[in-house]
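Counting from 1, one number per residue, gives the positions in the sequence shown under UniProt numbering.
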Amino acid sequence: HYLGTNAAIFMDFAAMVSYFACYFGALNAGAFMLEALSKSGYLHPWLAAETGDKQTPTHALDSITGLALIVYVIFAIGLGVSASDMYNWFGTIGMLGLLTVYVLVNVGAIVYFRKDKGRSMFKHVLAPVIGILVLIYPIYTSLWPIPAFPMNTFPYIAIVWFLIGLWVATKRRKVETRLEDF
1 HYLGTNAAIF MDFAAMVSYF ACYFGALNAG AFMLEALSKS GYLHPWLAAE TGDKQTPTHA
61 LDSITGLALI VYVIFAIGLG VSASDMYNWF GTIGMLGLLT VYVLVNVGAI VYFRKDKGRS
121 MFKHVLAPVI GILVLIYPIY TSLWPIPAFP MNTFPYIAIV WFLIGLWVAT KRRKVETRLE
181 DF
């Protein structure tokens, strides 16, 4: 409106390229996480199959791409959800998960360095506490005031996802313990 049609077209193109790059970044990260989980024995070994001289995890890439397509078909075509809403919804769920993990990493750092004789009060206690406080703010503002539907369901989705991961990790540890006892 203010800069004219050419500027609007340029901005639309820039946004499209940004979304496209974000998708490929997420696709790459997801595929390599599937590969790592597969190599660690948490997922089927088929996902760790690599091809070519670049050792690309093609089965993991294909799986993530297929999952993204299924999610798109269900939400966009089946439920009529806009692309920007899907981007915001899944971004919010991911953000809640990541921030929770970062808070736990800071708590873990405090616990880990608690017994270290050479620990620094700033690096090993104060900095993680500041990190926890900074990270809790966006989590809190995502929870309160209680957002409208469907945003109010996202913390619960993140919690369920976290519990599934915890269950898988616990199950894997039990298998490893049984193998060590054998």
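Glycine included, every Cβ here is placed at the ideal spot set by N, Cα and C.
All of these numbers come straight from a predicted model, not from anything done at the bench.
Span of the alpha helix (DSSP H) holding residue i?
i	result
Y19	T5 to K39
M151	Note, M151: premise wrong, no alpha helix (DSSP H); not H, not E.
G80	Careful: G80 lies outside any alpha helix (DSSP H) and carries neither H nor E.
V134	A127 to L143
A60	T58 to Y72
Note down the Cα distance separating residue i from residue j, rounded to an integer number of angstroms.
i	j	result
D62	R119	45 Å
A15	I9	10 Å
P164	T100	Inspection of the sequence shows that residue 164 is occupied by Ile rather than by Pro. If you take the alpha carbons of I164 and T100, they lie about 15 Å apart.
V168	P155	20 Å
W144	P128	24 Å
Y19	H124	38 Å
L104	A29	21 Å
Q55	L98	28 Å
P147	A21	29 Å
L80	M121	The sequence as given places Gly at residue 80; Leu does not occur at that position. Going from the Cα of G80 to the Cα of M121 covers about 53 Å.
I77	Y23	19 Å
L3	V17	20 Å
F182	V71	Confidence at F182 is low in this model, with a pLDDT of 41, below 50, so the placement of that residue should be treated as unreliable; the coordinate-derived value is given next. Each residue's alpha carbon lies about 42 Å from the other.
M126	G66	Looking at the sequence provided, one finds Leu at residue 126 rather than Met. Each residue's alpha carbon lies about 44 Å from the other.
K117	I136	29 Å
L166	D12	41 Å
W89	A68	14 Å
I74	Y87	14 Å
K115	D53	46 Å
T5	I110	54 Å
Using CA coordinates, which residue listed in the options is at the minimum distance from residue i?
i	options	result
D85	P150, V160, W167 and T5	P150
V134	G41, Y102, A26 and I64	Y102
T170	Y42, D116 and I70	Y42
CB-CB under 7 Å to residue i, same chain, minus the five flanking residues each way: which ones, in chain order?
i	result
L48	Looking at the sequence provided, one finds Ala at residue 48 rather than Leu. Hits under 7 Å: E35, S38, K39 and P57.
W161	G97
F113	R119 and H124
P45	S38
Please return the same chain residues whose Cβ sits closer than 6 Å to the Cβ of residue i, not counting the five positions on each side in sequence.
i	result
I93	F154, I157 and A158
A60	A31, L34, E35 and L47
L27	I64
R172	Y42
Between which residues of its own chain and residue i is the CB-CB distance below 8 Å, once the five residues before and five after are set aside?
i	result
S95	Contrary to the premise, residue 95 reads as Met rather than Ser in this sequence. Correct list, in chain order: P138 and S142.
I132	V103, N106 and V107
For chain D, find out if any of its Cβ atoms is closer than 8 Å to the Cβ of residue i; answer yes or no.
i	result
N88	Chain labels in this structure do not include chain D; a single protein chain is all it has.
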